[in-house]
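Asker: Protein chains in written order, with numbering that gives the first Met the number 0: chain G, 0 to 246; chain X, 0 to 246; chain E, 0 to 246; chain R, 0 to 246; chain H, 0 to 246; chain U, 0 to 246; chain D, 0 to 246; chain Y, 0 to 246.
There are 8 protein chains.
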Amino acid sequence: MTDDKIRKLLEHVSHGDTTVEEAYEKLKDLPFEDLSHTKIDHHRVLRKGLQEVIFGEGKSISQITDIVRAMREKDLDILVTRVSKEAGNELNVLFPSGTYNTDARCFYIKEDLSIKGKGSILIMSAGTSDIPVAEEAYIASMFFGNKTERLYDVGVAGIHRLFQHLDLIKEARVIIVVAGMEGALPSVVGGMVGIPVIGVPTSIGYGASFGGLTALLAMLNSCSTISVFNIDNGFGAAYFATLINRL
Amino acid sequence: MTDDKIRKLLEHVSHGDTTVEEAYEKLKDLPFEDLSHTKIDHHRVLRKGLQEVIFGEGKSISQITDIVRAMREKDLDILVTRVSKEAGNELNVLFPSGTYNTDARCFYIKEDLSIKGKGSILIMSAGTSDIPVAEEAYIASMFFGNKTERLYDVGVAGIHRLFQHLDLIKEARVIIVVAGMEGALPSVVGGMVGIPVIGVPTSIGYGASFGGLTALLAMLNSCSTISVFNIDNGFGAAYFATLINRL
Amino acid sequence: MTDDKIRKLLEHVSHGDTTVEEAYEKLKDLPFEDLSHTKIDHHRVLRKGLQEVIFGEGKSISQITDIVRAMREKDLDILVTRVSKEAGNELNVLFPSGTYNTDARCFYIKEDLSIKGKGSILIMSAGTSDIPVAEEAYIASMFFGNKTERLYDVGVAGIHRLFQHLDLIKEARVIIVVAGMEGALPSVVGGMVGIPVIGVPTSIGYGASFGGLTALLAMLNSCSTISVFNIDNGFGAAYFATLINRL
Amino acid sequence: MTDDKIRKLLEHVSHGDTTVEEAYEKLKDLPFEDLSHTKIDHHRVLRKGLQEVIFGEGKSISQITDIVRAMREKDLDILVTRVSKEAGNELNVLFPSGTYNTDARCFYIKEDLSIKGKGSILIMSAGTSDIPVAEEAYIASMFFGNKTERLYDVGVAGIHRLFQHLDLIKEARVIIVVAGMEGALPSVVGGMVGIPVIGVPTSIGYGASFGGLTALLAMLNSCSTISVFNIDNGFGAAYFATLINRL
Amino acid sequence: MTDDKIRKLLEHVSHGDTTVEEAYEKLKDLPFEDLSHTKIDHHRVLRKGLQEVIFGEGKSISQITDIVRAMREKDLDILVTRVSKEAGNELNVLFPSGTYNTDARCFYIKEDLSIKGKGSILIMSAGTSDIPVAEEAYIASMFFGNKTERLYDVGVAGIHRLFQHLDLIKEARVIIVVAGMEGALPSVVGGMVGIPVIGVPTSIGYGASFGGLTALLAMLNSCSTISVFNIDNGFGAAYFATLINRL
Amino acid sequence: MTDDKIRKLLEHVSHGDTTVEEAYEKLKDLPFEDLSHTKIDHHRVLRKGLQEVIFGEGKSISQITDIVRAMREKDLDILVTRVSKEAGNELNVLFPSGTYNTDARCFYIKEDLSIKGKGSILIMSAGTSDIPVAEEAYIASMFFGNKTERLYDVGVAGIHRLFQHLDLIKEARVIIVVAGMEGALPSVVGGMVGIPVIGVPTSIGYGASFGGLTALLAMLNSCSTISVFNIDNGFGAAYFATLINRL
Amino acid sequence: MTDDKIRKLLEHVSHGDTTVEEAYEKLKDLPFEDLSHTKIDHHRVLRKGLQEVIFGEGKSISQITDIVRAMREKDLDILVTRVSKEAGNELNVLFPSGTYNTDARCFYIKEDLSIKGKGSILIMSAGTSDIPVAEEAYIASMFFGNKTERLYDVGVAGIHRLFQHLDLIKEARVIIVVAGMEGALPSVVGGMVGIPVIGVPTSIGYGASFGGLTALLAMLNSCSTISVFNIDNGFGAAYFATLINRL
Amino acid sequence: MTDDKIRKLLEHVSHGDTTVEEAYEKLKDLPFEDLSHTKIDHHRVLRKGLQEVIFGEGKSISQITDIVRAMREKDLDILVTRVSKEAGNELNVLFPSGTYNTDARCFYIKEDLSIKGKGSILIMSAGTSDIPVAEEAYIASMFFGNKTERLYDVGVAGIHRLFQHLDLIKEARVIIVVAGMEGALPSVVGGMVGIPVIGVPTSIGYGASFGGLTALLAMLNSCSTISVFNIDNGFGAAYFATLINRL
């Protein structure tokens, strides 16, 4: 119930068009219904832009197809993450205006090409094996309307490669650094720049990498000050970077 | 804002004693203020009975003393858990009507001696070392007005001791079983009765007991169906048993 | 050996129909044989109602079919949990009076439709991915004769959805809250009501959710007082809620 | 060596004032000396503002005193974190213009009172026990020149308290949410707003909280999209929020 | 080189049939060659009886077949553990004198039926799901010539079943108790008898059983004094029980 | 109630000296009372010998003193484990016939010097730091009447020291091997002998030894077949070895 | 940019052939470009020899084939690790000069047969199941031009087998010891020799071996002084041993 | 028994000076006694140089003093690690020729100042808090006669500091890199040089550093190829580097 509706209701009471008891009944459920409508409107504006994102994992191809079709009927842009290759290929056929990115395992239809953030978001990856997570972040960042750059395979074992691209690093407004194994790259990048750096550990590695736990712990203990997301959560980092970039 | 107040406000609007805008302003914050007052009143009745419980850990003696004094001025019963021996002795001197239980590390003043629950709560412990946690549960259960029984040192390594007290076990309405080390007693009790059994692991043990983790995991994996609380959380189990006993 | 049988035996001894030695031999094994028959009868009444529940995991289709057929010959209601889709479909064909629920992975035949508990049990889930575990709890709760309600997809990331259903929450006698990922919903619900809240963590999540460990730990550390079951143990929570609801 | 210096050196070579070999010697060490001076200047501007922060843990009182005295001779503002009460009292006596905050365990001298960030940073805490970590974040945020607000003791077990302060929440540009035990508050806040939310787990809790690990894991698995810092790292979160607030 | 050979060599030296240097060369490698022959002969007697045991995991069907064939040519009894059903069926066809036990996943040929140990070994299992590990222990115990008894499905959730078989328990010389989930049965059995009890945790369980870790930890922390083997190591427990039974 | 008492009771019934109802009342509690008296007598014989052992940890000096005094009045031998140096010194003064062993942290009075086991128990330690746990095992083994030998500081980093004592190793009937750090010694010993080897991990080590967890895991995964006890549980191993040695 | 180029550039400036601004532009990127060319040349010489090693895991057969073909066109030797049997067979057909080692899961083409290290590297394995990791180390060591020996299946459970090969052990310059399960062999070897011993834990084992974690922890806590690599990282150990052997 | 002694014994047999039986008795214990004398002599040469190292942790001041005094009587150099400040001060007084290093917690007397290794060992530390572990490595490296350099406080958060000291890095023969928190520095250094890099994680950090576990895991998963030692094991790394440097 929006503010306008409350005012109108009170006017009806004031004018005797509504009895006190009728108004009371309508107001009784106000606290909770109202919550999403009135109080947190700034949030809703943003969520509106993001609500077309579907987490594809655990959904069947037909479930995904139904959702995409329903949204396309409203001409909404849409992003589906964690889409299997099979589902991606089928979506490509059914919705020719869309794109399936095999690395990122994302399918998206994006017709609104306007840039909404104030600067650019840079997505970095330590190794080539980390690229799928980095690409998920890249697709999501682009989908949310950010100018987005990529700088891949610049891990700390060959630190000179990193320095060859200082310009790109200096130009970003937010940096997302994706790394598996020992997860050291975000620390190095975080020590080089004075802008927010977001670390995303990946499950890349074997043995004592424990499915990304090592990279996660390393980033949480970084002597640089970086913020951290869950293992393989490229999408989350891009969402968060978008919130910063729109400030 | 209670329902009565809302009705009155609407009547004022209806009678023209309050303008629409004034009423709107008062209603604007309704959702959240109202939440605690109106909607969850059943909860409040109970919380009222429990809100005098203070978690003493991390509080100085003078902080605890101030709280107890303030509540005594309103003639409220009070329970303070996790009270050090030093603080307990000082509270005993300052508030002679209260009792400090060294094992349970609890101080309480209880003048309302009425029994509120429908049946009795039985507190069992596996070993003598588990008694402090069991006693915390016992004090809390009593404080909340439950008829409460105790059956200590009946661990599975001497299973015959357990069977010598079947009557006590059969008469309970809810059973709290406190156990450290391998945490097996709740499984055995849970297999013997048809009433809710609540397991509380303790940090008693050494080496691979990992501060109670082993007992906790054992209870969570019980082949009997028992519900589990955090390590050493005797108070929580008693609170939960109270909720059941008052149903 | 029931009490009656013991009395009869003693009478035979008293009348000289049985020698002391014969009676002694029969009594020698009394302690343990007797245990299940006499002493814990209240439990047996309940277990009787529950003993038709079969844990399907690790059993072949033909094993399950044999058990179901045997029980049907005695006209017993039956619930089989953790049944694969293949087995479920075959059971559906063989036992047309039964129902296989794909989400819950449960097959059941329930002809006794009487309500046995005193209030209603509410099953809540945080996300749509948690529904399979919630449905296992729902099917089991229903099967045990409880009035059972459902409230799904009301996780803390959209807390306003939760508040839109306060009535349902307030009407329950016991609430089971199923949640994966950060497992926060039981804490919020536990803080809103004054009745027993049971948390069931699910294995839903990825990366640092560690197969449900994160949700489990979060529930055990809840600042609300909730009791906790093993990861994905929807059945256990329903069994426990049934014990409470029948008190 | 700044760009200007390089240009001047080249001009000297061009004019014959410097020999090739002399210039070569000076340039030889350019790559690394230069790194900190020229290339990452945006960073340095910020670091300049932050380099007066001293991590006090593991340093003796006299070591801390020496550092503070040296910086005061240059009239620099200074913040020392993780300072024991003993050291804090001594610093208070030696440097009367400074302030020691017992909760935050921080000592600071701040004469530059200008506001540098664009909006306000809100520091929230779930429980009263989490306040030390929240205060560390508060002191640091203030020290870095941010308008900073506080909202403490609004944990999810009494969710209505949170909603009573929606205005404060809506007005922030960045929110830091500090929580121990089950670490659920950041998820709830993250679901309510459309701005960056930073979670800081605390080591508050006992038993299966494992020194903050549970809260940390919960935040990493949040179904809201929040970024996470190390356990008890209030300072790091404030530093990161400052970077965002200055964008 | 056996003692006899050393003596003979010395005699050859003494008689001048062998030069000092020749003898020295032969003795040079004595320390290590000798180790297995002379010094630890008691062990060898036993190992001789056990050396025909093959760990089948990771070996191809043809590798296993080759080993079995080679040993059969020497008329040796043989036990192969961890054999897949496919391999087992093939072995059954190729070696009709052998037996493949599907539950235990063991194939064995045993023609020496003499009993070698002094008493009987009792194998107990808590649940029906633990039977494969129990059967591995059973087959191995039998294969090593022990009188072996079985008592399955006597877990602590129905403790009365355990007591119905006290005779069997009292007659054993060594007891192996196999249990998954909370692993409580060995504690109960260990508290009932005055003979060595060996606990074998199984990987049976789900969620917080962590592949048998919970049962393992529970057994290690038993308040009864039991010795523990690795998860699912039924063979190891039987080997160890055999060592005891032959004393 | 012993067997004799049951027979007498039946005779009284047979002779009419006791009514059926009176006998029934006496028999009603038979199952559980009887359990400890009749059924598990073999156990009791052993327990009798062991029941004078007191776990001293967590008990005050006066509590320990009271127990020792009470037992001495019955002329019972007694062993108290985990006794602090302070308590040990006081016990030495109060009970001059007793001995306090500082390394083992055990106090014992032993007047019955008869040897009860059939062979000797050998206690080995890997390093000098493991001696306290080894000594606890040694004292307990001796106290239970076993011929007991010691072989300390023969860890795998200097494997030749181990081989210099093969005679001692070959003569034992049971071997207890105590080792911290990497816990490798039991594997080596287990591979050398054909008798039961019991591994006791110690909490000796630092860093990734995790308080003995590494040694514990190493022993559980031994390629030799050894049985394992909890970290630092020298007493348990000695108790178990005693059970074997008395067979 | 090499030193010579910098000197030449300065000479051009000195002679007026290059303007200051042109020179400045060329020097601007010096720090980072230079890094890889000038400063760490010793490293590059070695990396040159090793850069043909491809980590095959996660790469498709056609990706691997493309890389191998490209390198063969430059006549470079090549090693691909972690190659599936399918890919290996295909590579064997396409590149007949190469070899696929099934155990090691490595494919390599090696035409430069010169020996580059100063001594020999010995690869030891504890069990036959550890051979795949040992063979990866063996192939890599050979590929890098080291004289390489093998000594397999000499685990601590049969320590005499180890001593039968002391000559081989004494002749090595570096020893790599590969072991799963309890990971004890490197400790024993490390105690026997005065040269660098490198431990490689393997994921071989079951239950509480936790995928190699136990072996890893054991090696890290070795009372001998050995250096440790990640679980199953045979290649890394060989690379590291090569660095030592070339010193 | 050395080779010479064996030869002599055989000659005595050959000459009839010793009977076969006498010689046999002497040879019987040969395998194990011989082990330390003959077979592993290269090792002994080194161990001789190292055997004066005492691990001080857990030893009383008087125990340490006794050992030092005994060794000084033989004029042996000596190093005691993990010495408390109190013990260190006392040793300084008693042995004026020795030095106690407070940071390293080491006491040593070193009169043999000859350099034994072929190159220099460089000890690096990431932060100032890691210096105690680095200093332990430094003292040990020096004590073993290596030319040893130090480069402290060059962690990855300020990567430019590292590059300012490339010369030092390039000149080393072996590098030990000590780092806590995220443990990233060894990866960066390992990627820069072509010589053996040894990583030593430290227990420095808080929260999710878990006492050095994070740094340890990071180093084990390094994308550079480095070898790793236990947490805080500066001495072990220095010993290992010495073995390499003496090759």
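Glycine included, each C-beta is placed from N, C-alpha and C at the ideal position.
These figures come from a predicted structure and were not determined experimentally.
Looking at the strands, I want to know which residues DSSP matches up with E:E148.
Answerer: E:L121
Asker: Using a C-beta to C-beta distance shorter than 7 Å, which residues of chain R count as neighbours of G:S226?
Answerer: I197, S226, V227, F228, F239
Asker: Got a sec: is the Cβ-Cβ distance from G:L219 to anything in chain E below 7 Å?
Answerer: G:L219 does not count as touching chain E.
Asker: Considering only DSSP beta bridges, list what D:C105 is partnered with.
Answerer: D:N100
Asker: Can you tell me where the beta strand (DSSP E) with G:G198 in it begins and where it stops?
Answerer: 196-200
Asker: Sorted by chain position, which residues of the same chain lie with C-beta nearer than 8 Å to E:I114's C-beta, five sequence neighbours on each side aside?
Answerer: G144, N145, K146
Asker: Name the residue from R:L161, R:G233, R:D102, R:V187 whose alpha carbon lies nearest to the alpha carbon of R:V177.
Answerer: R:G233
Asker: When the distance is taken between beta carbons, is X:Y107 closer than 7 Å to X:G78?
Answerer: Residue identity check: residue 78 of chain X is Leu in the sequence provided, not Gly. In this structure, X:Y107 lies closer than 7 Å to X:L78 by Cβ.
Asker: Using the beta-carbon count (16 or more within 10 Å), is Y:P95 buried or exposed?
Answerer: exposed
Asker: Looking at the C-beta of E:V188, does it have a partner C-beta in chain B at a distance below 7 Å?
Answerer: In summary, chain B is missing from the structure at hand, where the protein chains are G, X, E, R, H, U, D and Y.
Asker: Are the C-beta atoms of Y:L150 and some chain D residue less than 7 Å apart?
Answerer: no
Asker: Keeping to the same chain, check which residues put their C-beta closer than 8 Å to that of R:I120; ignore five residues upstream and five downstream.
Answerer: S140, N145, K146, T147, E148, A171, R172, V173, I174, I175, A237, A240, T241, N244
Asker: Is E:V19 helix, strand or coil when you go by DSSP?
Answerer: helix
Asker: Are R:G182 and R:P200 closer than 7 Å when you measure CB to CB?
Answerer: yes
Asker: Apart from the five residues on each side of it in sequence, which residues of its chain come closer than 6 Å, Cβ to Cβ, to G:I203?
Answerer: S128, D129, G179
Asker: Return the bridge partner residues of E:A178 from the DSSP annotation.
Answerer: Paired residue(s): E:P200.
Asker: Taking the alpha-carbon positions, what's the Y:S13 to U:L161 distance?
Answerer: One C-alpha to the other measures close to 32 Å.
Asker: Might you give, ordered along the chain, the residues of its own chain that have their beta carbon closer than 7 Å to the beta carbon of X:D217, omitting 5 neighbours on each side?
Answerer: Looking at the sequence provided, one finds Ala at residue 217 of chain X rather than Asp. Only E181, G182, A183 meet the Cβ criterion.
Asker: Our contact map puts H:V155 next to X:G154 with C-beta atoms below 8 Å; I'd like the distance itself, whole angstroms only.
Answerer: Not confirmed; about 12 Å, so no contact.
Asker: For the putative contact between U:V192 and U:I168, defined by C-beta atoms under 8 Å, what is the C-beta separation to the nearest angstrom?
Answerer: Contact between U:V192 and U:I168 holds, since their C-beta atoms are separated by about 6 Å, short of 8 Å.
Asker: Kindly list, in the order they appear in chain D, the residues whose Cβ is closer than 9 Å to that of Y:L246.
Answerer: Residues of chain D passing the Cβ test: K117, G118, R172, V173, I194, P195, I243, N244, L246.
Asker: Roughly how many angstroms lie between the CA atoms of X:P185 and H:G157, to the nearest whole one?
Answerer: 12 Å
Asker: Does DSSP classify U:T80 as helix, strand or coil?
Answerer: strand
Asker: Measuring CA to CA, which of H:T18, H:L8, H:T17, H:E20 is closest to Y:V19?
Answerer: H:L8
Asker: Is Y:S226 helix, strand or coil by DSSP?
Answerer: It is a strand residue.
Asker: I want to see whether chain U comes within less than 7 Å of E:L8, judged by CB atoms only; does it?
Answerer: no
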